Amino acid sequence: MSWNQLREFQIAGHAIRPRRTPLLSPRFAQLQKSFLSTKTRQAIDKAVASAPVVLFMKGTPETPQCGFSKASVQILGLQGVNPQKFTAFNVLEDEELRQGIKEYSDWPTIPQLYVEKEFVGGTDIMMSMHQDGSLAKLLEEKDVLIPAESDSSS
0 MSWNQLREFQ
10 IAGHAIRPRR
20 TPLLSPRFAQ
30 LQKSFLSTKT
40 RQAIDKAVAS
50 APVVLFMKGT
60 PETPQCGFSK
70 ASVQILGLQG
80 VNPQKFTAFN
90 VLEDEELRQG
100 IKEYSDWPTI
110 PQLYVEKEFV
120 GGTDIMMSMH
130 QDGSLAKLLE
140 EKDVLIPAES
150 DSSS
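The sequence shown begins at 0 in numbering that gives the first Met the number 0 and counts up by one.
This is the structure we're talking about:
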C-alpha cells in the first residue's frame, strides 16, 4: 500500500491521517539523538589519539570507497604528510563507528580529519585549507610532514 493509499484508507468511516506531532517531545528526541555510548566515545577517543594525523574515511587510503575519501587522501599526500604519523579508519567496517564519529565531531559527513586530536573538518574544509595554504601551515606547525632531505653534497 502506498503512502497516498494509506492516507485515504478508511476505517469505520474515518480517514487515517499522518500524525502531525512527534511521538516523543522534541527535547527528549534531541537527547536520544545525541546519546553516544561511553564505549563508543572511548573507542573514538583512542582512535583519534592513535596518531598525530587521523582520517576517518570510507575505505582505506589504498582503496578509497568514495570520491571524497579519495580526495582527502590525495590532499594529505600532496601536503607531504609523513606516513609514520598518519593512520586511517575505515568507517564502513563498523556501523557504530560510522554513526558515532559524526556525533563525536558534530559533523554530518565522512571523511573527517583530526590533527593532534583536534577535529579539522571534512573534505570541503580540507580542500579550502589546502587552497589557501592554512592546511600546510597547520601540518608544518604540528610537525607531521615528511622531513626535508638534507643536502649531503656540501
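Note that the Cβ used here is the ideal one computed from N, Cα and C, for glycine as well.
All figures in this text were calculated on a predicted structure; none of them were measured in a lab.
Given residue i as reference, the closest of the options once Cα atoms are compared
i	options	result
LEU96	ASP131, MET125, GLY76, MET56	MET56
PRO110	GLU117, LYS136, PHE88, ILE145	PHE88
LEU112	LYS136, LEU77, ASP131, VAL47	VAL47
First and last residue of the uninterrupted beta strand (DSSP E) at residue i
i	result
GLN111	111-114
ALA135	First-last for ALA135: 133-140, but that is the alpha helix (DSSP H), not the beta strand (DSSP E).
GLY120	117-120
Limits of the unbroken alpha helix (DSSP H) element including residue i
i	result
PHE34	Segment: none, PHE34 is in no alpha helix (DSSP H) and carries neither H nor E.
Residues near residue i by beta carbon distance below 7 Å, same chain, minus five either side
i	result
LYS141	PRO51, VAL114, GLU115
LEU22	Low local confidence applies: a pLDDT of 47 at LEU22 is under 50, so the model's placement there is unreliable, and no value is given.
Inter-residue spacing [alpha-carbon to alpha-carbon] between residue i and residue j
i	j	result
SER133	THR37	34 Å
MET128	LEU91	26 Å
GLN67	PRO146	A small correction: the amino acid at residue 67 is Phe; Gln does not occupy that position in the sequence shown. So the two alpha carbons sit approximately 27 Å from each other.
THR108	GLY79	24 Å
GLN73	MET125	11 Å
ASP105	THR59	23 Å
GLN83	LEU137	17 Å
THR86	GLU148	23 Å
Contacting residues, own chain, Cβ-Cβ under 6 Å from residue i (five flanking each side not counted)
i	result
VAL119	LEU112
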